[in-house]
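Here the numbering used here = 1-based position in the sequence shown + 535.
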Amino acid sequence: KAPVIPAEYEKLGYTVAWESYSLNQTKNLVVNLEYKAIEYTATFMDGNTVVAEIPFTVETESITAPDVPTHAGYTGVWESYELNGGDVTVNSVYTANTYTVTFMNGEEVVDTQTYTVENTEITEPEVPAKEGYGGKWEAYVLTGGDVTVNAVYVAGVYTITFKADGETVATEE
């Protein structure tokens, strides 16, 4: 019967056992310890979804992580991790992208605002006044990208009133 393996011969991340041998020999035997690296798993998670399970051992210096799944309006990375002798779970971490809304009056930048998919609240600047015209910002939607919004002007409508002896005779626009 083989002796119990002394604790000082155990190695972290390895199973240890006596190599197999047979007593049907007619000479002395030398039986050595055999070390086998334990296989662990790095599980890459995106929320509750398993993206990849990658095996490794204590002899593995590094693994190639899978691509982080894309989510519109966000930049994703894997949280930091170490391969240090045990199973590891690696979670995706996302940061909302910042986009710019640029308000233009012709070639002049009137104002810029930023937004994210988590916060689409911006404050529109006043449309610059243009004599004889009414102005407003063109329609736009904040859908996850930089946006340029132009000032749109409409010629003002004026009324001419023709009077004779205090009475309105005609009006024209």
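Just so you know, even glycine gets a beta-carbon here, dropped at the ideal spot from N, CA and C.
- What is the DSSP secondary structure of GLU518, counted as helix, strand or coil? Residue numbering for the chain in the displayed model covers 536 to 708; residue 518 lies beyond these limits and cannot be assessed.
- Identity of the residues DSSP links to GLY611 by a beta bridge: TYR629
- Item | Contacting residues, own chain, Cβ-Cβ under 6 Å from ILE540 (five flanking each side not counted) | VAL551
- Through-space distance from ILE695 to ILE657, alpha-carbon basis: 40 Å
- Message: Can you list, in chain order, the residues of its chain with a C-beta nearer than 7 Å to that of THR635? Leave out the 5 residues immediately preceding and following it.
- Response: THR647, THR649 and ASP681
- Message: Under 8 Å, with one C-beta from each stretch per pair, do the segment 613-623 and the segment 660-668 reach the 3-pair mark?
- Response: no
- Item | The beta strand (DSSP E) enclosing ALA577, as first and last residue numbers | 575-581
- Message: Quick check on the burial criterion: 16 or more other C-beta atoms within 10 angstroms. Buried or exposed for LEU674?
- Response: At residue 674 the sequence reads Ala, which differs from the Leu that was named. The residue in question, ALA674, is exposed, as its Cβ has fewer than 16 Cβ neighbours within 10 Å.
- Message: Spatial neighbours of TYR570 within its chain, please: C-beta separation below 8 Å, excluding the five flanking residues on both sides.
- Response: LYS546, TYR549, THR550 and VAL551
- Query: If you compare alpha carbons, which of VAL689, ASN640 and GLY608 is closest to THR732?
  - Reply: Here the chain has residues from 536 to 708 only, and residue 732 is not among them.
- Query: Ends of the beta strand (DSSP E) at ASP646?
  - Reply: 643-650
- Query: Taking Cβ to Cβ, would you say GLY748 is nearer than 8 Å to VAL628?
  - Reply: The structure shown has nothing for residue 748, since the chain only spans 536 to 708.
- Query: From the DSSP output, which residues share a beta bridge with ILE695?
  - Reply: GLU707
- Based on the DSSP secondary-structure assignment, which residues constitute the bridge partners of LEU564? Bridge partners of LEU564: none, in fact.
- Query: Under the three-state reduction of DSSP, which class applies to GLU702: helix, strand or coil?
  - Reply: strand
- ALA587 lies in the beta strand (DSSP E); which residues open and close that run? 584-591
- Task: May I ask you to report which of helix, strand or coil DSSP gives LYS536?
- Result: coil
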